[in-house]
Every structure is written in structure tokens, then in C-alpha cells.
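Numbering (our numbering), first residue to last: -13 to 55. The block underneath contains the structure these notes are about, expressed in C-alpha cells.
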Amino acid sequence: MTEKNAEFTVIPPTTKVLCPEKGKGWTLTGITGLDEHTSVMFQGVRYTLPAKLIVEELLPNYLESQKNN
């Protein structure tokens, strides 16, 4: 699912995420650094979000939700 580079774990497109307000979604573009903005699709609506938010909150939220299933 992820590929390590020297500074950052690259997050590929179509990675699933979970937002408390918007529900489940997925990245439309890959993430190669925390200073980027990335497109994420939630319920058919595209949002541009900071990569840091995705990596530090939304992706861990999704992974945690899968542990509970």
C-alpha cells in the first residue's frame, strides 16, 4: 500500500481515509510529502486537503476503524 522513500512514506492514489464529518473517502492523487495538498473524494464531492491532515488524522482514522470490524 505504501512505498518508503528517504524522507516520507509515499501514499498512493485511491488510499482509503475516514473523516468524522464527511465519512469514508479516498485519495484521488498520491501524497509524496506533508507540505502538499491532495484531492480526496467524500460521497461524490472532491475536496482539496492538506496532506498533513490526511496522513496524521484521516488515514489513521480509517485504519483504526478497520481494526474494529
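All residues carry an ideal CB built from backbone N, CA and C; glycine is no exception.
7 Å Cβ shell around residue i - same chain, five flanking residues per side excluded
i, result
"Val41", "Ile(-3), Ile17, Leu20"
"Pro(-1)", "Thr13, Leu14, Thr15, Gly16"
Cβ-Cβ distance between residue i and residue j below 8 Å
i, j, result
"Gly11", "Met27", "yes"
Close Cβ partners of residue i (< 8 Å) along its chain, the five nearest in sequence each way excluded
i, result
"His23", "Thr34, Leu35, Pro36, Ala37"
"Asn55", "none"
"Gln29", "Lys8, Gly9, Gly11"
Residues near residue i in its chain [Cβ-Cβ closer than 6 Å; skip 5 each side]
i, result
"Ser51", "Leu4"
"Arg32", "Ser25"
"Lys67", "There is no way to answer for residue 67, as the model of the chain reaches only from -13 to 55."
"Pro6", "none"
"Leu59", "Summary: the structure shown does not reach residue 59, with the chain confined to residues -13 through 55, and so no result is reported for it."
Per-residue DSSP class, three states only, for residue i
i, result
"Pro(-1)", "coil"
"Leu44", "helix"
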